[in-house]
Each structure stands twice: as structure tokens, then as C-alpha cells.
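Residue numbers (my numbering), protein chains in the order written: chain A, 27 to 271; chain G, 27 to 271; chain L, 27 to 271; chain S, 27 to 271.
There are 4 protein chains.
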Amino acid sequence: MCENIKVTVWNEYRHEKSDERVGKVYPKGMHRAIADYLDGQPGIVKLRTATLDEPAHGLTDEVLADTDVLTWWGHMAHHEVSDQVVEKVHARVMEGMGLVVLHSGHMSRPFVKLMGTGCGLRWREAAEKERLWVVSPGHPIAEGIGDYIEIPHTEMYGEHFDIPAPDELVLVSWFAGGEVFRSGCCFYRGMGKIFYFRPGHETFPIYYQEEVLRVIYNGVQWAAPVARPRPVSGNTEPLEDLGAK
Amino acid sequence: MCENIKVTVWNEYRHEKSDERVGKVYPKGMHRAIADYLDGQPGIVKLRTATLDEPAHGLTDEVLADTDVLTWWGHMAHHEVSDQVVEKVHARVMEGMGLVVLHSGHMSRPFVKLMGTGCGLRWREAAEKERLWVVSPGHPIAEGIGDYIEIPHTEMYGEHFDIPAPDELVLVSWFAGGEVFRSGCCFYRGMGKIFYFRPGHETFPIYYQEEVLRVIYNGVQWAAPVARPRPVSGNTEPLEDLGAK
Amino acid sequence: MCENIKVTVWNEYRHEKSDERVGKVYPKGMHRAIADYLDGQPGIVKLRTATLDEPAHGLTDEVLADTDVLTWWGHMAHHEVSDQVVEKVHARVMEGMGLVVLHSGHMSRPFVKLMGTGCGLRWREAAEKERLWVVSPGHPIAEGIGDYIEIPHTEMYGEHFDIPAPDELVLVSWFAGGEVFRSGCCFYRGMGKIFYFRPGHETFPIYYQEEVLRVIYNGVQWAAPVARPRPVSGNTEPLEDLGAK
Amino acid sequence: MCENIKVTVWNEYRHEKSDERVGKVYPKGMHRAIADYLDGQPGIVKLRTATLDEPAHGLTDEVLADTDVLTWWGHMAHHEVSDQVVEKVHARVMEGMGLVVLHSGHMSRPFVKLMGTGCGLRWREAAEKERLWVVSPGHPIAEGIGDYIEIPHTEMYGEHFDIPAPDELVLVSWFAGGEVFRSGCCFYRGMGKIFYFRPGHETFPIYYQEEVLRVIYNGVQWAAPVARPRPVSGNTEPLEDLGAK
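Right, here's the structure in full:
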């Protein structure tokens, strides 16, 4: 359990190339910052990255079939993700692939399809302080984390966050400007598991912060598939008389 | 609260016209059996029906805007429900409209879109016995119901039912042939509430059974909208300094 | 449904008599402020108050049997509530009585027994600002409330709040000093329903604030019992052969 | 994660000694059957057993402090478990110890205290057939298990099972005599995790059935503590002005 996980770190990878400020913070892209942390962690045996502008957005059938957990960061180009890739990612989650959705990925097409709701929220770009409080202290995603994580400067995301109530709520954010947000949210869907984790704006060096990276790693472990057959569905005739004993 | 509810009972209304056996059980359609029970119940002030073959499937903008709770039965013609109506029903649920999905409606397009999962299940048409056990005895949807409801002859639906875990699980079915099923499932989505209720095959007189109708009525009351504004979303700049006191 | 509710408003009623500042804010006790609002609201047909220093703490068998929803405020004298009353309140919740637990009632003996956990939290008395954000906008307890309720000066309660994850989470608080708190929490227990609602310190006039009182009223309605028999338990022999059909 | 788990298998161990039929099925006690399976499984580094008639029921402070996950089977002598041990087990769960409660342990004193409800159910001893269906196919407790587990002859437990709704529902049982039951239930409480698993009557050889033992092992892994400090609670004055940025 929690072993031999193959991870693909997906990134839109546009801001870093088009905006000089972002490029300075993440010269090789946010995916590299995340991948560099995850690579070689216990239980992770393969680490790939994939980005929007690669063929098939880097998510070919081969790559998806060989991915246990996919992490997703997107923002300005959600609409450029093809129908085909959205359907394939969704299908893989139904089969058991884990999905860790980061920050502005809340409006990514695979996440919105999986949630079934609007996924909107309040936001404000004012470099304010955030604290992510642990509300489920025995949850594996909180492993290695103190009572809260403090991020000195970040974009604000505030409630109401238009998602289904998470199956497990692990982290709730406080923002200096007066808002709260459900920031660490676990969902079981089909055979798959989805972890939404809020931190990670492109203009702040948040993906270099140890505690943030640790939660992503914990989320990858939590979302890893379990080894079992997919449930049978469809017609199960004929009726068998099982008797009372 | 729970007052002045306007209900629209939607039915595909094809089996009743194309299959003589079904037509004998429900000569005026399943929607009429349901509507006849709901009409005039306390709290329900308006009762409409709507069917697939009406223009806009009977769900014009005027009808949807004037509907607090929509009940949905469909089966053989899910794919004939137009994209436009699917989107409009979804949007109305996000705004607060209640949705009560019946039996084979588990594969209806609005329900599948709201769930975000495959919504598949096991099934068997063998006229076997079903018992729906109450697992949440203080839930308003169980009002007026005993420890279980027994349906003498029905189609079987069995787990795994590929839905998100319900926010509130009220009823679990037992089937003579060896299966169980989460049969009464509550979901909060956007401002809306969705109640999935399993009973109701077209060839059995299930929509004449008092306890089944009572649960539908309870579900309509539970799913009724609450009076409050829709949450604000989007940009909430500028940052205000709220101070420590 | 939601009709003919008999409410008993329970208050420890000590601070108001022993502390002059509190006595000025609530000269007739906090219970009177709450009762004055609830009395005569739609659906409420009987309104009593009861306090710690009355015989049986005002909660005789007759009173409890005639109470559909009990609200509870206690703080400095939790330990003076008798074992007998704790057991009787617990038993009535199991039978279906609603319980609305306010503010420092989080450490009251009936609540701790019902939760099964420690029920501790962080706190700070610094008259800071609080905002209670609605995270479940379609929930009946949020009826009539905007995106958030602002309380200008209050005691802080912060996470981790050591309760089971609520069955429905309706409100999350933000505090000026940097904390968050699950402030509106619904629990189903036995046949009963429990609503924990955070606001209400003794030295602030919070129980005169319209939105706070409205949430208490909504909570009373939500927690009202449903009309149905209590589930049968125990030996259900002999085994009957139900057959396959 | 999920490594170096120290397990203590607790058993009342009375039926085996007082009832010849039970003694024949479990000559060394049910705890030995369970312990023999768990001992040496991946991730389990220490395996103890403890029984009611040992001093301190075998659960001294040293043993409890050195236990990551405790499994519990009791039935006829629940009331003989001392107040002190009940309190200590409860306190250890609050600190993070996992608890796997088996079969008739649903009425054990530690479990009832943790649940806060009556924990009653229907039952029938008629050696009937049971099927435990997986309703959460991506859950780690379902690893290695097919669509259902079939137990040929067992005691029946039926709904309503008077527990809080589980935080995660993994298994639902079907019984030949017409009942259903929530048989695999996960609860987060304090820093600890509790898994209730229904199978295991004393007169049937259920603790030799591979799939049943596998679920117990999965439950032990799921319930293992996470490495993190216990949340701070209590007074957190003074108020600090965090500013808006």
C-alpha cells in the first residue's frame, strides 16, 4: 500500500513563459518545482511532467495508462484543454487514477466535470497573508504538518466555494482580508480519489515552501489507487434462489 | 419554510405509450400517478407535469423559472433530452431548484452531469422482492415511514452504484437475489438539493404504493429551495484592513 | 413538517447574576433574549425557559417529554449539571428531541457525551471581529442569511475543534486574530438532531443580533423531530424464508 | 506511511473457554486466529494479544503506549471492562491510536463512548448467509477484495444500527433473512481513527476466512496513526494584529 506510485505532474506552463515576473519565480515552470520535490520521495517510483503545449498536452494514452496519480495546475488556458483529454482524464479517475488539483485548477475542465457544480469562488490578488488550519488532525494528508501552515503572501480564495461538500475536509484557510476557504478537500469518485489543494499562485514562490510541498506529497499518497478489480455493472440475470440459509 | 412549493413532475412518457403492459399499469403515464398524489398535499401550491415529447420537453424557461422542485423519470430515451434542457436544468439546480430523481433516472443526463461520475449499477429484471431499510431514522425524508418499506415485485438495482457518497444516506435496499443498494440518497449541489430515490419500474404498480409516494413527497419538501441570495463570486478587491478589533 | 414545535430554552444563568457587566447586557438572562425572539415565530407553538438552579435544572420528566427542541447555554457550571439530567437529555435526543447547543455549550456534559470526543478548542477573549461564512448555501439553516454574518466584538474560538466531522457543515468563522472555526455544525444522532452554533458570549450583546437569532430559529426548525416510530432493535428471530420472489 | 505499526489484538476470551462448541472452533481463542494472520504482514512490526482476565485486561499503560492500533472483540462481558481501561483506551484514541472494533464489539464500552449513541441493532442467530458489498471501491480498506465477500453461515445484524453516520462507508451487508447492515464503517475521532467491521461470530469459523482477515488487516493500516503533534488547545491570548498584508 502506498508503494510504487507513478506520478505525472501536469502544468499549463504559459504564465512562466509569457510573464517575466512569473518566469523569474519559476524559471523552469511550476511543474519542475513540484516534480523536484516529489522525485525520489518514499513510495514514488516514477515521476514525469507534462504540459499543455506538448502533443496531446503530454497526456497520451500511454502516459495516462502509466500514471497512478496526476497533479494538475492550470489557469489562463483551461479552455484550450481538448475534449478528448478531458474525457480520458475523467475515465482514468473512474478507473482509479488519483488526481491532485492545485490552486486555479478549481476551474479546470477535468475538475469541473468531476464535481458537477460551478466551482466558482471569491478571489482577490492583494498579496495578503493566509493560514491553512488543520481541521482533521488524524488524516494522512495532515502528516508532518503543525496546527497550521502560514503563507506570507498569496492570492485570496474565499467562500462560497461552489463544490460538493468534500468527503473529507482536511484544511480550512484564513485570509487577512476577512475570508475563509475550504483549502484541502478529499473526494472519492468512481474508483478514483481527488484531492483539491488551494495554495500555489504563479507569482509567489509557494511551490518552494516545504509544508506546501509536503501536503502535495501526502495528497499523492492518499490518492494512489488501490489494487482491486473495477466493480461489475450491468445485467446480472438470472435470479438465483439463495435460500434462507 | 417548506411552504408554497411549486412542483413539476417530469416523465419521459414513452413506455406507457409503446408497451401495452406498461400502458395498462399507468394508462395516463407514471407522471399522473405521482402528480395525483402530490397535488394538494400540504405545502404544495402548484403542480404541473411535463413530458419529453412536448416542445422543449415541457421545460420552457417559464416553466423552469416557476418550478421549485422538479421530479424526473426517464429510461429508454435519455439521449433524446436536448443539450439545452440539460444545461438549463443544471443551471436551475445551481440556483436552488430541487431535483428528485426516480429509478432509471440514475442515467438521465441532468443527474449524471450533477454527479460527475458514471452512475452505473447492477440490475436484473426478475420481479423479485425489495425492502428499503431506513438508516437515518431522524431524517425528514423518513417521516411517516416504518423501519422498512417492502415492495413485493420489482427490478433489482445493486451495488456498486457509481455515485459520489451521498451527503445524507436515508434508505438502503435489500433484494431477494442477494444484492444491496443505496436507494435514498441526498446531495447538496450549488444552491440546490437533489434526492435520488430508487423505486419505480414501469411495469410494476409501484407509484400507487402509499409509502413510496410518501417518500417522494418528503423528498420534494426536503429539496425545496431556501430563501436567500445566491453567493457572490468573482473579484472582491480591494483588500480592506479589518484590523485586529 | 416543521410545525407545532415546543421549545425549551435552557440557560445556566449564573454569569448574569454574579457579574455586573453581564447583568447589564442581559438583565433577565440570555435565555430571555433568545426566548423573546423565538416566541411566536411560525411553527413554534410553545416556548419555555429552564435554568440550572431550578429543581432538576428545570428539566423535569414532564418538561423533557413536552420538549421537541432544547437549546442549551452553559459555561462556568457545566460540572454542576447532574448525571441524571445528562442521561435524560441524552435519552431524549436518542428518541428524537432536537438539541441546539450554543457557544460555550461545546463543553456541556450532554454535548460531550453525544460527540464522544474531547470537544476542546482554542480561545481568546479580546473582543475581536468575527465573520461567519455560509459554506452550504442551500441548507435550511442558512435561510434568510447573506454570504456572511459579521459580529463586531466577540470571544474567539479556533480550530482544531475536537468534534466528529459534522454531518453537515453550514458556517465557518473567520477571526481577526488569525483563526478559523467550524461554527455551524449539524449532527444526526439516534432519532435526534443536534445543531452546534458558536456565537453568543455573555459579555457581548450577540443574542440581540437579528442574524444570530435567525440562525438559532432556523436551527430549531431543522432539529425538530420527525413523526415516525423509533426503530425496532434486538432479537428478530425466527428466520423467515422470503424466497427469491 | 503505513509502516512500523504495533498492533494489540484484544479479546474478551470467555466464550472459547466456557462453551465447548466455541472452543472447538477457536481452541486458542479468536485473538490467536486474528493475530496469526496479522503477524508478519507488511508494515506490522509488533504483534501482541491481550485478554479480559489478564491484569488490567492486558492493557497496562505500557502496552497502550506501545500500541498503534488496537483490535477489540467482546460480547458477554462488556460490563466487566473497568472504567479505568475504558477511559485509557478512549484517551489513547484521542491521541491517535487506531481502534478496529469487531462484530459484537459494537456494544463494547470504548466503542459506545466514542460513538455517543446507543449502538443497538437487530440480530438473529440462524446461521444464515451474508454478503458484504463494497460501496466505496477506491477506499484502501477494500484493497484486494472483489465486489462482495460471502460468508456462508453467520449471525445476522440488521438496521437500524444506532451509530453516527460513518465518515466513510465501505461495506454494506445483505442477509438471507431480509436485512441490510452498514458493516464496514470508518470514523475519525480526535487524532484517532476507528474502523467498525461486522463479521466474526464466535461459533462460526469466520476468522479463518481469508477475505475477512484481509479487511481487518486493511483496517489496521487505515487506522494507523499519522506522525504529527496533537493540536494545541486552550487560551491563545494575546491578540496579535496580523495586518492586512
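Built from N, CA and C at the ideal position, the CB exists for glycine as well. Just so you know, these numbers come straight off a predicted model, no measurement behind them.
(message) At a CB distance below 7 Å, what residues from the stretch 98-129 of chain G approach chain A? Give them in sequence order.
(response) Met120
(message) Considering only the alpha carbon of each residue, which of L:Gly69, L:Asp45, L:Trp36 lies closest to L:Asn244?
(response) Position 218 of the third sequence, counted from the start, is the residue given in the question as residue 244 of chain L. Among L:Gly69, L:Asp45, L:Trp36, the Cα nearest to that of L:Asn244 belongs to L:Gly69.
(message) Since A:His132 and A:Tyr222 should fall inside the 8 Å C-beta cutoff, what is the C-beta to C-beta distance between them, to a whole number of angstroms?
(response) Indexing the first sequence from 1 puts residue 132 of chain A at position 106. Indexing the first sequence from 1 puts residue 222 of chain A at position 196. The Cβ separation is near 7 Å, so the contact holds.
(message) Can you pull the chain L neighbours of G:Tyr214, defined as C-beta to C-beta under 9 Å?
(response) Locating residue 214 of chain G in the second sequence gives position 188, counting from the first residue. Correct list: Ser162, Pro163, Gly164, His165, Glu194.
(request) Name, please, each residue of chain A whose Cβ falls closer than 9 Å to the Cβ of G:Lys155. (result) Taking the second sequence and counting its residues from 1, one reaches residue 155 of chain G at position 129. Within chain A, no residue comes near G:Lys155; the closest Cβ sits about 11 Å away, beyond 9 Å.
(message) Which residues in chain S have a C-beta closer than 8 Å to the C-beta of A:Leu268? List them in chain order.
(response) Locating residue 268 of chain A in the first sequence gives position 242, where the first residue counts as 1. Under the 8 Å cutoff, chain S gives Lys155, Ala202.
(message) My output table needs one value for A:Gly131: the three-state DSSP class, helix, strand or coil.
(response) Looking up residue 131 of chain A in the first sequence gives position 105. Correct three-state label for A:Gly131: helix.
(message) Determine, for G:Asn261, whether the minimum Cβ-Cβ distance to residues of chain A falls below 8 Å.
(response) Your numbering for residue 261 of chain G matches position 235 in the second sequence. Yes, contact with chain A.
(request) Report the rounded CA-to-CA distance for A:Asp188 versus G:Leu96, giving the unit in angstroms. (result) Here residue 188 of chain A corresponds to residue number 162 of the first sequence, with the count starting at 1. Here residue 96 of chain G corresponds to residue number 70 of the second sequence, with the count starting at 1. Taking the straight line joining both Cα atoms gives about 21 Å.
(request) Would you kindly work out how many angstroms separate the C-alpha atoms of S:Gly66 and S:His116, rounded to a whole number? (result) Position 40 of the fourth sequence, counted from the first residue, corresponds to residue 66 of chain S. Position 90 of the fourth sequence, counted from the first residue, corresponds to residue 116 of chain S. Looking at the two C-alpha atoms, the distance is approximately 27 Å.
(message) Please give the ranges of any beta strand (DSSP E) in the stretch 28-89 of chain G, keeping only runs that are unbroken, at least 3 residues long and fully inside the region.
(response) 31-37, 70-77
(request) From the DSSP output, read off the bridge partner residues of G:Met182. (result) Counted from its first residue, the second sequence places residue 182 of chain G at position 156. The partner list for G:Met182 (beta bridge, DSSP) reads G:Arg150.
(request) Could you tell me whether the Cβ atoms of G:Val33 and G:Asp94 are closer together than 8 Å? (result) The residue labelled residue 33 of chain G in the question sits at position 7 within the second sequence. The residue labelled residue 94 of chain G in the question sits at position 68 within the second sequence. At the C-beta level, G:Val33 and G:Asp94 come within 8 Å of one another.
(request) Verify the CB distance criterion: does G:His132 have a CB-CB separation below 8 Å to chain S? (result) The residue given as residue 132 of chain G occupies position 106 in the second sequence. Taking Cβ atoms only, chain S never reaches closer than 8 Å to G:His132, which makes this a no.
(message) I'd like to know whether the C-beta of A:Val258 is nearer than 8 Å to at least one C-beta of chain S.
(response) Position 232 of the first sequence, counted from the first residue, corresponds to residue 258 of chain A. Yes, A:Val258 counts as interfacial toward chain S.
(request) Determine the contact status of G:Gly218 and L:Gly216, defining contact as a CB-CB distance below 8 Å. (result) Residue 218 of chain G sits at position 192 when you count from the first residue of the second sequence. Residue 216 of chain L sits at position 190 when you count from the first residue of the third sequence. No, the Cβ-Cβ distance between G:Gly218 and L:Gly216 is not below 8 Å.
(request) Consider the Cβ of G:Glu237: report whether some Cβ of chain S lies at a distance smaller than 8 Å. (result) In the second sequence, the residue the question calls residue 237 of chain G occupies position 211. By this cut-off, G:Glu237 is not an interface position.
(message) Within 8 Å, do at least three Cβ pairs link the stretch 160-176 of chain A to the stretch 238-253 of chain A?
(response) yes
(message) List, in chain order, every chain A residue whose beta-carbon is nearer than 8 Å to that of G:Trp159.
(response) Taking the first residue of the second sequence as 1, we reach residue 159 of chain G at position 133. Simply none; closest approach about 18 Å.
(request) Taking all protein chains shown into account, decide if S:Pro272 is buried (16 or more other Cβ within 10 angstroms of its Cβ) or exposed. (result) The structure shown does not extend to residue 272 of chain S, since chain S spans only 27 to 271, so no value can be given for it.
(message) Quick test of your reading: S:Tyr128 and S:Trp99, contact by CB under 8 Å. State the CB separation rounded to the nearest angstrom.
(response) Position 102 of the fourth sequence, counted from the first residue, corresponds to residue 128 of chain S. Position 73 of the fourth sequence, counted from the first residue, corresponds to residue 99 of chain S. Here residue 128 of chain S is Leu; the residue named in the question, Tyr, does not match the sequence. Sure, about 5 Å apart at Cβ, within 8 Å.
(message) Does any residue of chain G have a CB that is nearer than 8 Å to the CB of L:Gly172?
(response) Stepping through the third sequence from its first residue, residue 172 of chain L is reached at position 146. Yes, because at least one Cβ of chain G sits closer than 8 Å to the Cβ of L:Gly172.
(request) Would you please verify whether the beta carbon of A:Leu197 is less than 8 Å from any beta carbon of chain G? (result) Translated into the one-based positions of the first sequence, residue 197 of chain A becomes position 171. It does not: the Cβ of A:Leu197 has no partner Cβ on chain G nearer than 8 Å.
(message) Excluding the 5 residues flanking G:Glu194 on each side, which residues of the same chain have their C-beta closer than 7 Å to its C-beta?
(response) Position 168 of the second sequence holds residue 194 of chain G. The answer, listed in chain order, is Ser162, His165, Cys212.
(message) Using only the alpha-carbon positions, how far apart do L:Glu29 and G:Val198 sit?
(response) Reading the third sequence from its first residue, position 3 is the one you call residue 29 of chain L. Reading the second sequence from its first residue, position 172 is the one you call residue 198 of chain G. C-alpha separation (whole angstroms): 28 Å.
(message) For a test of the three-state rule: what should DSSP assign to G:Val107, helix, strand or coil?
(response) Taking the second sequence and counting its residues from 1, one reaches residue 107 of chain G at position 81. Of the three classes helix, strand and coil, the one that applies to G:Val107 here is coil, per DSSP.
(request) Tell me whether L:Arg254 sits in a helix, a strand or coil according to DSSP, three-state version. (result) Position 228 of the third sequence, counted from the start, is the residue given in the question as residue 254 of chain L. L:Arg254 falls in the coil class under three-state DSSP.
(request) With DSSP as the reference, please indicate the residues paired to A:Val198 in a beta bridge. (result) Here residue 198 of chain A refers to the residue found at position 172 when the first sequence is read from its first residue. Its beta-bridge partners are A:Trp159, A:Arg208.
(message) As a quick exercise: from L:Arg224, L:Arg148, L:Glu80, pick the residue whose alpha carbon is nearest that of L:Ile177.
(response) Against the third sequence, residue 177 of chain L aligns to sequence position 151. Out of L:Arg224, L:Arg148, L:Glu80, L:Arg224 has the C-alpha closest to the C-alpha of L:Ile177.
(request) Use the C-beta contact count for A:Arg47: other C-beta atoms within 10 angstroms, 16 or more gives buried, fewer gives exposed. (result) Translated into positions along the first sequence, residue 47 of chain A becomes position 21. Result: exposed.
(message) According to DSSP, is S:Phe187 part of a helix, a strand, or is it coil?
(response) Start at 1 with the first residue of the fourth sequence, and residue 187 of chain S comes out as number 161. Correct three-state label for S:Phe187: coil.
(message) Looking at the strands, I want to know which residues DSSP matches up with L:Ile175.
(response) Indexing the third sequence from 1 puts residue 175 of chain L at position 149. DSSP, once it has assigned bridges, lists L:Leu158 as partnering L:Ile175.
(request) From the DSSP output, read off the bridge partner residues of A:Val222. (result) Looking up residue 222 of chain A in the first sequence gives position 196. It should be noted that the sequence gives Tyr, not Val, for residue 222 of chain A. Answer by DSSP bridge pairing, in chain order: A:Val127, A:Cys211.
(request) Return the chain-ordered list of same chain residues with a C-beta closer than 7 Å to the C-beta of A:Met27, the five sequence neighbours on each side being excluded. (result) By one-based count along the first sequence, residue 27 of chain A stands at place 1. Residue placement at A:Met27 is poorly supported in this model, since its pLDDT is 43, which falls under 50; the coordinates still yield a value, given next. Excluding sequence neighbours, A:Met27 sits near nothing in its chain.
(message) Going by C-alpha to C-alpha distance, which of A:Glu181, A:Ile220, A:Phe230 sits closest to A:Trp206?
(response) Against the first sequence, residue 206 of chain A aligns to sequence position 180. A small fix is needed here, since residue 206 of chain A is Val in this sequence, not Trp. That would be A:Glu181, whose Cα lies nearest to the Cα of A:Val206.
(request) Look up L:Leu96 in the DSSP assignment and say whether it is helix, strand or coil. (result) As a first step, residue 96 of chain L must be located in the third sequence, where it is residue number 70. Strand, per DSSP.
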